[in-house]
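One structure is given here, and the rest of the page talks about it.
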Amino acid sequence: MKISRYIHATFFAIFILLSFQAYAVPNAAASDTVITGKVKSKIALDPTISVFKVDVSTSNGVVMLSGTVNSDTDASALIEIAQSTDGVKDVDTGNLAIKNSSQPFTDTVITAKVKGVLIREKLLGKDVPAVNVSVETNNGVVYLSGNVDTNLQATNAANLAKSVDGVKQVESRLKVGKGN
Numbered sequence: 056m057k058i059s060r061y062i063h064a065t066f067f068a069i070f071i072l073l074s075f076q077a078y079a080v081p082n083a084a085a086s087d088t089v090i091t092g093k094v095k096s097k098i099a100l101d102p103t104i105s106v107f108k109v110d111v112s113t114s115n116g117v118v119m120l121s122g123t124v125n126s127d128t129d130a131s132a133l134i135e136i137a138q139s140t141d142g143v144k145d146v147d148t149g150n151l152a153i154k155n156s157s158q159p160f161t162d163t164v165i166t167a168k169v170k171g172v173l174i175r176e177k178l179l180g181k182d183v184p185a186v187n188v189s190v191e192t193n194n195g196v197v198y199l200s201g202n203v204d205t206n207l208q209a210t211n212a213a214n215l216a217k218s219v220d221g222v223k224q225v226e227s228r229l230k231v232g233k234g235n
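Quick note on the working numbering: the sequence shown kicks off at 56 and runs consecutively.
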């Protein structure tokens, strides 16, 4: 337990140092450095992901993830963390591998990216559902289901899902209204 706290404290300190370093480099590089620091910090705080098996870098707002994770769940969590971070334009998973995958990697990536976009936009104050929406992907087709408060939330969720690279089609099964 003490080792885990030490690791988290170390990564927090690294994040702080990277944040201060950002002021000494040009704006684009500063922004990329800050994004990388934020993503690494979030990963370090997630006990399910081994930070020693995953490398994170950022270029022009695109986060590159490389390394190996143990499962679809770990990959999904990692991609969601990166995609939901403010300032991230996209997540490149070209060098990320999953040891025990139960579905095509592309579908795992798409699902995680859609979830991450919904979370990020919700955190930025947009009228989108992030909690009561289930996202599944099959051969590039995204299926949204769950309950939303308004038609606008349903429309926004579908439009955000369509904006994710690799999405071929979005099937919205979202129900409008609190009683649904």
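Ideal Cβ placement from N, Cα and C applies to all residues, glycine included.
Compare the C-alpha of residue i against each of the options and name the closest.
i	options	result
Asn155	Ala137, Val117, Ser131	Ser131
Lys108	Leu199, Lys95, Pro159, Asn115	Lys95
Gly260	Ser121, Ser200, Asn125, Asp141	Because the chain spans 56 through 235 in this model, residue 260 falls outside it and cannot be assessed.
Tyr198	Ala213, Pro184, Asn187	Ala213
Val117	Ser227, Val225, Asp220	Asp220
Ala185	Gly195, Ser200, Asn194	Ser200
Asn125	Val143, Ile104, Thr210, Phe160	Ile104
Ser112	Thr128, Asp129, Asp145, Ser227	Asp145
Where does residue i sit, in a helix, a strand or coil, going by DSSP?
i	result
Gly122	strand
Val183	coil
Gln245	Nothing in the structure corresponds to residue 245, since the chain is present only between 56 and 235.
Lys170	helix
Ser227	strand
Asp87	helix
What is the C-beta distance between residue i and residue j, in whole angstroms, given that I count them as a contact (C-beta under 8 Å)?
i	j	result
Gly171	Ala137	7 Å
Quick one: using the 10 Å Cβ neighbour count with 16 as the cut-off for buried, is residue i buried or exposed?
i	result
Leu55	The chain is shown only over 56 to 235; residue 55 falls outside these bounds and no answer can be derived.
Val231	exposed
Thr192	buried
Pro102	exposed
Asp204	exposed
Asn115	exposed
Leu207	exposed
Lys223	exposed
Tyr78	The predicted model places Tyr78 with a pLDDT of 45, which falls under 50 and marks its position as unreliable, so this point remains unresolved.
Asn194	exposed
Thr161	exposed
Three or more C-beta pairs below 8 Å linking the stretch 146-157 and the stretch 173-184:
no
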